[in-house]
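Asks: In numbering that gives the first Met the number 0, the protein residues as written are 0 to 276. We treat Cβ as the ideally placed atom computed from N, Cα and C, and that holds for glycine. All values reported here derive from a predicted model rather than from experimental measurement.
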Amino acid sequence: MKKFRISRNKPARIAAGLLALCIVAGLLYFAVGLLGNPVSWALATRTAQKHLAANYAGTDYKIDTVSYDFKTGGYWAHVNSPTLQDGSFTLHFNMAGKLTGDDYDYRVTGGGNVMYRVRSEFRTLTDGVLKSPAFPYDFTIGYCELEFDWSIDEEPFPNALGREDLENGRIYDVGAMGTTNGHLVLYLDVDAVTPEKAAEILKTAKGLFDSAGIGCYTVDLLLRYPPYEPGGHQRPEGELRLRGFLYEDIDGDGLLERIEKCRKDTLDYYAAKDAEK
């Protein structure tokens, strides 16, 4: 009678097989976490189509893409209109395909899309000035952008145009919009941290912006001495900081006095903020 022998290597083969299964399961889990899964994608797509049919009938809105959001584990559908310049919006879903958000009210009827469009156009204009060879200063931070609904240091721009005032599809003179909404921020390392140096920089920047047809409402300026070593953090003490300096105050006599007043107001402001902590 033939005898059957149990291989001594069988436990090792079983262990190897289990290890392989664990590795495959881990890779699948990682892939699903990174890329999502086709079932959830299909559920989200179907829900998006039903939502459009129920809430946007009679429009030309179409679903461009349905994609996985690995940060939330859900999905989003980008919805666009071929005839509306500022008409796109996004639908959000969980892994079960349930609708969790629709930002149409903010982006389309609330002016969010057109706000982002004009901000981008304005930033392109101002970057063209600040990053051009004609701008004579090297800055550690330098930008100018349009401010709308959010506030700066918890204080909104007075008389600034709000996103609810914008019209979808309208072509704006974004350079002129800077007069009420423009915010210029410049942080520079300079050899002379003085009101005179601040005045020089402000007048130079305004001259270049004026030549480019770009308005501005307010300026935040910080002057510091360069670090002792290139790329280092240790630097001589002393700085000049201006917060909310009015752009229109750059012109005319008495600029140094206005800089000194704004400097004092800025110091008082941050001292009060520190006292609140």
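Three Cβ pairs or more, each shorter than 8 Å: is that satisfied between the region 155-167 and the region 190-199?
Replies: No: fewer than three Cβ pairs fall under 8 Å.
Asks: Going by beta carbon distance, what residues of the same chain come within less than 7 Å of Ala175, once the five residues before and after it are set aside?
Replies: Once the five neighbours on either side are set aside, the close Cβ partners of Ala175 are Gly214.
Asks: If you draw a straight line from the alpha carbon of Arg257 to that of Gly86, how long is it in whole angstroms?
Replies: Cα to Cα, the separation comes out at about 44 Å.
Asks: Given a cut-off of 8 Å on the beta-carbon distance, is the pair Gly96 and Arg45 in contact?
Replies: Yes.
Asks: Return the Cβ separation of Ala211 and Leu185 in integer angstroms, given the expectation that the two are a contact with Cβ distance under 8 Å.
Replies: So it is not a contact: roughly 16 Å between Cβ atoms.
Asks: With DSSP as the reference, label Phe69 as helix, strand or coil.
Replies: Here Phe69 sits in coil by DSSP.
Asks: Between Thr125 and Tyr171, what straight-line distance do the alpha-carbon atoms span, to the nearest angstrom?
Replies: The straight-line gap from Cα to Cα measures roughly 15 Å.
Asks: Please list, in chain order, all residues of the same chain as Tyr105 whose beta carbon is under 6 Å from its beta carbon, the five residues on each side excluded.
Replies: Gly111, listed in sequence order.
Asks: Under 6 Å Cβ to Cβ from Thr178, same chain only, skipping five residues before and after it: list those, please.
Replies: Gly214, listed in sequence order.
Asks: For Arg118 and Val38, I'd like the C-alpha separation in whole angstroms.
Replies: Looking at the two C-alpha atoms, the distance is approximately 38 Å.
Asks: Measure from the alpha carbon of Val219 to the alpha carbon of each residue in Pro81, Tyr115 and Leu245, then state which is nearest.
Replies: According to the sequence shown, residue 219 is Asp rather than Val. The shortest Cα separation from Asp219 among Pro81, Tyr115 and Leu245 belongs to Leu245.
Asks: Evaluate His232 with the Cβ neighbour count: other Cβ atoms within 10 Å of its Cβ, from every protein chain shown; 16 or more gives buried, anything less gives exposed.
Replies: Flag for His232 reads exposed.
Asks: Which ranges does the alpha helix (DSSP H) cover as unbroken runs of at least 4 residues, wholly within the region 153-189, from first to last along the chain?
Replies: 173-180, all fully within the region 153-189.
Asks: Taking the alpha carbon of Gly243 as the point to measure from, which residue in Tyr216, Asn54, Tyr142 and Gln48 has its own alpha carbon closest?
Replies: Ranking the options by Cα distance to Gly243, first place goes to Tyr216.
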